[in-house]
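Protein chains in written order, with the numbering used here: chain A, 1 to 354; chain B, 1001 to 1354; chain C, 2001 to 2354; chain D, 3001 to 3354.
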């Protein structure tokens, strides 16, 4: 029997992605969407400025947009809520929802670093989900909260995981070139970015530097421990691309490694924590390695694995850092947001946590 | 009395910049332009697809495009030639010109690493010009060749010089976001770059990694020695910006330095090798530091110092690399090509080498 | 049994579209691709710079690129060739192919106006195909040539047909905003179009003005007669859009018509010449009318009907011209080129002409 | 002695242009800038997100942003206010200012069609300024209001004036391709326009259709009469260009005219109403005609005449409309807004109306 799910903040770019991924989902039944007051009561098709490349699913066109009201959500017997709300709103709403027994899968950046809140990039750390038992106990909640990582971090850590497993990462230097959708539907005015780039995204570098170490951390008995074996330094930039975050990654390993060895580690992804679980949104290959000199490219490669694969290219030795350097690309509103959110929910179902 | 100068390859983007900078130059008289066969004999205004933001200087509109013919150049009593030719053509022509007594200031990438060829970023290493005496002796030439560095390297090394002087750089990690003009007028088809970026520029990373160490090297008695105190690792990317190369720079210093100290070093640029020489093209401030969180930006800041200043922003401690990280921007066809070429020629005149 | 087909000029943008549409076609078996000499002998996947939004079909990846050789095509027992060659090459090759018995469906602009060559936009003038009997007789060919119209004209005439049928068009004024793909893969350098538009496309206006009248013309017993009841004046412009030609259309009718009447005529498309034929590539609705004030838009609407529908919006009375004005959008490399080419071939099969 | 002037709404894109044009103006002393409440009290340099291609004038950097307060403006003994406010705000403020004796030169769209308010494109209809005597009498004001036309209309009517004078225009069909700056600094989100265009600009077509006829109208004794000899039908579109509105113009004249005749009329502009007045902002040539097939282009030509000239190209016979068709380009925030505003103020000074 399908779980009843809701998307909170369904008209923004991440909300639209959630709606797009959930409308025909085999395990979930999307029965509720909420959005800001000025469109409450409208049909979804009239409330949203749809920018997804595929047409809006028939099923959601007629859904009536609801206000953000915890009691309504409970009355509607929702099992899982997907949160695409601004941080400020999420901070208040999420604990209330968890208290009332809901499973909250959230893309908002609040609480991501709390040790009893799992920050999940499922292939990397699906095992962290078990911390929700502690979370419930600690906080006296019937439900729980699971967090989707920052978009850039989700893409980056997928590539770091097999390298760390096999070669022991010491330091990571990453310079990102991030897409416009990462700032939301109306976040970047065209007058500011045409023939230009913007070398700053508020809070982004800190998120990459800290969340990476939590995602690659370990689950102790009552909390998640940050990985203290490596550190990350980031510089984040906005470029004129619609979707797809790119990044140049330099990894210090303590030794120069053979390029083929690295590619093998990435492609095999031995310790993929969700392998064989049969989660519908899991990509066949979490990491795809391209060998052409000029790939991946955002417009051509962002939809690999339905937007859930990260594509790596230009793997080369780095003799300066004693390690390896490469270029990575992922779809920021799918792999880096809604897609990973849906994958987390699938994991939760599979683990019988809802 | 003004020196008679020629621009070889005057219709490309760098050639146009040379023409633009030389047409009203106080020390130089632009009397000759050459271009490819199919436009030889035409007036410059008809031969060129002008894309510079300022109108074409009156004076050059009526110049007749000449073929690339060494004898003609000699007959015309040219003192200095500015070379904006493809590497393959430059490789043959430049030694011939130098043999016949011409001063060759070249933007082409051939011979840049030869120890008796000065690779000049004047504020950084104007003293390397003295190697031309060795060059003449070695090669039996009456003239000589001086090289403009790779565009990205010219911008990067201007910022590295004061940091290396004051803090001893150990390693540099640089990820560039380079403009379309760097690939030439027709180098990047619009279908390949719209809503996209290209994570590869042939040969660029190697140039940044090696040329940086030559520019910051020292002039021994008969050759220029590479600086072996630091190393550079680079990742280079093309983005949809018309002019202006941007780069995220991470510098390992062996210690975390205070941001204000770094800014002071950059702004003061104590060991500027051309300070006080009165070279017309030298910018008042080789490095401008911006303190806003989101600057510099290519469209807004590339013309600082008439395109000859490098603009640095987002200077911040890097505790991971034990050093500092920052963002730098320079105009690639001015500071990174024609402007630095003209500045080199001014240095040559000042030093009475022509 | 499937017809054996070949794509000539398979690596360009229109060639890629043909390959994409034919690889899994129910009636056609794509067995041969040709391209320019420098890639002959390579596998298609290595020969092409694929820019289509969908992955390259598995089936064609391994096809070996052949040279353009009429005898080889005959030997391979090809039934239909799809031509995406430059006009100059097509001019020589197409008559040879037709002479040797092949059915030639061509996107090249040569011969489009010859009275015994059908210029087909199937919903509008599928009946013109019958002129091929005259063509064969006239020219002594075993095969024949059918032409795909100019891209802008194909889109425009689809919208003009129902209006002309119902309201008698007198004059049409059209200003187009055409996409980059219309100039081919490398036709528009990015330096020329970023923050810009180009108000000229060679030969385009003439094609729109004349081809429209042939497509809406009538098949006399031995030739196609131009429609002399209306005239078209065009102004064509290139804008920074990847795919999708847009156009502002002003139609003088001799009377102001009711907007709803016009919309009804467009949506019903009463005299659709291929209705009910079951051609696989025919869109369910050749014309889709949007009522929002700001639609259609190229990025959001170009894939309607798998790229085969034309989307019309902003239908409004034009009291100045005594008629109607509207905005129309079509996918230029599908509806305006390869898609219409495949639809023509389907018509030819249906009519047992191959 | 210089007139004291203020810019109301000085931080928007048109406000910035006003500031840029007025800072070093020979006749005006910019002593006051106002902006929205959240930046009142800040220095201008901190209050504005400057996007003009030239650096901010020194002089204005230190101006303190004032609130919009009619009494303050009077106290400051301002002679002329330049209004770059939203229509809703302007509707209230402008009559108050005029009542209190100020000369109001306004870019806001309210009141543009009232018969005692001059709507000025000075080269075309400087004589309409005399209606301000009627306006004062009618309304009992000490000051008066003069309006800058809609941006597209200002550019269009400059080209229509000499054609109407010489050839009697009957109908005009115009399709515009308008720049992003026309929607204000943050008006068009980048996610909506990249790889796209938007075929709708609210209210724009109506403005072009009606304002054109007022600008080319005549001053009767107590009002301005619309020109009823010709009509205009417009279709307006937003494209991805930073600055510069382009338009395809089709003009029905009742006869086909010789291209050279048309070019002569445009270049001579015989009845230029401000010729010889010595207004500092008047361009030497109001209309520049280019003969290359592919010019003008926004990025290359928008700054002609410091942004005050309109550039026309592709003049060709239109046998369908019995007239002429051409392409026109003008700088929308200079010729189409602030530049024309300053030119109007210069006219007012010259006529001793302030």
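We put the beta carbon where it would ideally sit given N, CA and C, even for glycine.
Item to check | Host beta strand (DSSP E) of residue 3355 of chain D (start-end) | outcome: Past the boundaries of the shown model lies residue 3355 of chain D; chain D is included only from 3001 to 3354, so the question cannot be answered.
Item to check | Helix, strand or coil at residue 1330 of chain B [DSSP, three-state] | outcome: strand
Checklist entry - In whole angstroms, what separates the C-alpha of residue 1228 of chain B from that of residue 1164 of chain B? => result 12 angstroms
Checklist entry - Taking DSSP as the reference, what is the three-state secondary structure of residue 3164 of chain D? => result Under the three-state reduction of DSSP output, residue 3164 of chain D falls in the helix class.
Item to check | chain B contact for residue 297 of chain A (CB, 8 angstroms cutoff) | outcome: yes
Checklist entry - Thinking C-alpha only, which one of C:2298, C:2320, C:2289, C:2332 is nearest residue 2314 of chain C? => result C:2289
Item to check | residue 1168 of chain B: contacting residues in chain C (beta-carbon distance under 9 angstroms) | outcome: Those do not exist, as residue 1168 of chain B stays about 40 angstroms from chain C at its closest Cβ, beyond 9 angstroms.
Next on the checklist: Taking CB distances under 8 angstroms as the criterion, tell me whether residue 1186 of chain B reaches chain C.
Outcome noted: yes
Checklist entry - How is residue 2295 of chain C classed by DSSP in three states: helix, strand or coil? => result Residue 2295 of chain C: coil per DSSP, three-state reduction.
Item to check | Nearest-angstrom Cα separation, counted from residue 259 of chain A out to residue 1025 of chain B | outcome: Straight-line Cα distance between these residues: approximately 51 angstroms.
Checklist entry - Cα separation between residue 298 of chain A and residue 1195 of chain B? => result 8 angstroms
Checklist entry - Anyone know if the C-beta pair for residue 168 of chain A and residue 253 of chain A falls short of 8 angstroms? => result yes
Next on the checklist: Helix, strand or coil, according to DSSP, for residue 989 of chain B in the structure here?
Outcome noted: Summary: the structure shown does not reach residue 989 of chain B, with chain B confined to residues 1001 through 1354, and so no result is reported for it.
Checklist entry - Do we get a CB-CB distance below 8 angstroms when we pair residue 2194 of chain C with the residues of chain A? => result Residue 2194 of chain C has a beta carbon lying within less than 8 angstroms of a beta carbon in chain A.
Next on the checklist: Give me the chain C residues within the contact set of residue 1190 of chain B, using Cβ-Cβ distance strictly less than 8 angstroms, ordered along the chain.
Outcome noted: 2180, 2188, 2189, 2190, 2192, 2193, 2194, 2240
Item to check | Whole-number beta carbon distance between residue 1175 of chain B and residue 175 of chain A, since they are thought to touch under 8 angstroms | outcome: Residue 175 of chain A to residue 1175 of chain B, Cβ: 3 angstroms. Contact.
Item to check | Within-8 angstroms CB hit, residue 51 of chain A to chain D | outcome: Chain D places a beta carbon closer than 8 angstroms to that of residue 51 of chain A, counting this residue as a contact.
Next on the checklist: When you compare the CB positions of residue 3129 of chain D and residue 3102 of chain D, do they come within less than 8 angstroms of one another, or not?
Outcome noted: No.
Next on the checklist: Please report the straight-line C-alpha distance between residue 2106 of chain C and residue 2157 of chain C, rounded to a whole angstrom.
Outcome noted: 18 angstroms
Checklist entry - Among residues of its own chain, excluding the 5 on either side of residue 3235 of chain D, which ones have a beta-carbon nearer than 6 angstroms to its beta-carbon? => result 3175
Item to check | Three-state secondary structure assigned by DSSP to residue 2058 of chain C | outcome: helix
Checklist entry - So, residue 2008 of chain C versus residue 2083 of chain C, is the Cβ gap smaller than 8 angstroms? => result yes
Item to check | Cα-Cα separation, residue 2179 of chain C to residue 2341 of chain C | outcome: 19 angstroms
Checklist entry - Roughly how many angstroms lie between the CA atoms of residue 162 of chain A and residue 2198 of chain C, to the nearest whole one? => result One alpha carbon belongs to residue 162 of chain A, the other to residue 2198 of chain C, and they sit about 49 angstroms apart.
Item to check | Contact residues within the region 212-244 of chain A, judged by C-beta distance below 8 angstroms to chain B | outcome: 231, 232, 233, 235, 237, 239, 240, 241, 242
Next on the checklist: For a contact defined as C-beta to C-beta under 9 angstroms, what are the partners of residue 70 of chain A on chain B?
Outcome noted: What residue 70 of chain A touches in chain B: nothing, since even the nearest Cβ is about 36 angstroms away.
Checklist entry - Is the distance from the Cβ of residue 3190 of chain D to the Cβ of residue 189 of chain A below 8 angstroms? => result yes
Item to check | Under 7 angstroms from the C-beta of residue 325 of chain A: neighbouring residues of chain B | outcome: 1233, 1235
Item to check | Pair within 8 angstroms by beta-carbon distance, residue 241 of chain A and residue 324 of chain A | outcome: The answer is no: Cβ separation not under 8 angstroms.
Checklist entry - Should the region 1107-1118 of chain B be called in touch with the region 1045-1059 of chain B, which here means at least 3 C-beta pairs below 8 angstroms? => result no
Checklist entry - When the cut-off is 8 angstroms and only beta carbons count, does residue 3173 of chain D lie next to chain C? => result yes
Next on the checklist: Measuring only the C-alpha atoms, how far is residue 3338 of chain D from residue 3121 of chain D?
Outcome noted: 12 angstroms
Next on the checklist: Taking 8 angstroms as the threshold (C-beta atoms), are residue 1274 of chain B and residue 1361 of chain B in contact?
Outcome noted: A question about residue 1361 of chain B goes unanswered here, because the residues of chain B that appear run from 1001 up to 1354.
Next on the checklist: Beta carbons nearer than 8 angstroms to chain C: which residues of the region 3243-3259 of chain D have them?
Outcome noted: Answer in chain order: 3246, 3248, 3250.
Item to check | Neighbouring residues, chain B, relative to residue 314 of chain A (Cβ below 9 angstroms) | outcome: Neighbours of residue 314 of chain A on chain B, chain order: 1199, 1200, 1235.
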